[in-house]
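According to the numbering used here, the sequence shown holds residues 77 to 179 in order.
Where a beta carbon is used, it is the ideal one built from N, C-alpha and C, also for glycine.
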Amino acid sequence: MTPSAPFGLLATAMITPFTDDGEVDHQTAWSLARHLTEQGTDTLVIAGTTGESPTLSDDEKVALFHTVVDAVGEKETKVVAGTGTNDTRHSVELTERAAEAGV
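Below you can see the structure in the form of structure tokens.
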């Protein structure tokens, strides 16, 4: 694998942190994304199965995509959005929303 690999050299499936009342903890997610990239991760997978995709609403996923894109800022970190579902149309719609979020 070369440094120009399409998905980077070190990909991390990021967890989705939650507050005590069950909401997505965006402050912690931002800090975690930042920490992972500072430690050498060059690709973050967001809202995949490790990131609680089955338990998040579409709006929660999209908000999380925005948070992580903001956290990595101008770094060359790639962000992979977990947009797969059992419904192709739904997956396409969620993928379009992820693209609008900057993923």
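Between the Cα of residue i and the Cα atoms of the options, which residue gives the shortest distance?
i, options, result
"Leu140", "Leu86, Gly98, Gln103, Gly84", "Gln103"
"Gln115", "Pro130, Glu169, Leu85, Leu132", "Leu85"
Rounded to the nearest angstrom, what separates residue i and residue j at their Cα positions?
i, j, result
"Met77", "Glu136", "With a pLDDT of only 44 at Met77, under 50, the local geometry of the prediction cannot be trusted, and the value read off the model is given with reservation. Cα to Cα, Met77 sits roughly 34 Å from Glu136."
"Gly127", "Ser167", "17 Å"
"Ala109", "Val144", "6 Å"
"Met90", "His111", "11 Å"
"Gly160", "Glu172", "12 Å"
Can you tell me whether residue i is buried or exposed, with buried defined as 16 or more other CB within 10 angstroms of its CB?
i, result
"Gly158", "buried"
"Thr125", "exposed"
"Ala175", "exposed"
"Thr131", "exposed"
Give every residue of the same chain whose Cβ lies closer than 7 Å to the Cβ of residue i, excluding the five residues on either side of it in the sequence, and list them in chain order.
i, result
"Phe94", "Val100, Asp101"
Return the chain-ordered list of same chain residues with a C-beta closer than 8 Å to the C-beta of residue i, the five sequence neighbours on each side being excluded.
i, result
"Val156", "Phe83, Ala87, Thr119, Leu120, Val121, Ile122, Gly124, Val179"
**Request:** Pick out the complete alpha helix (DSSP H) segments inside the region 121 to 156, 4 residues or longer, and give them in chain order.
**Result:** 134 to 148, all fully within the region 121 to 156.
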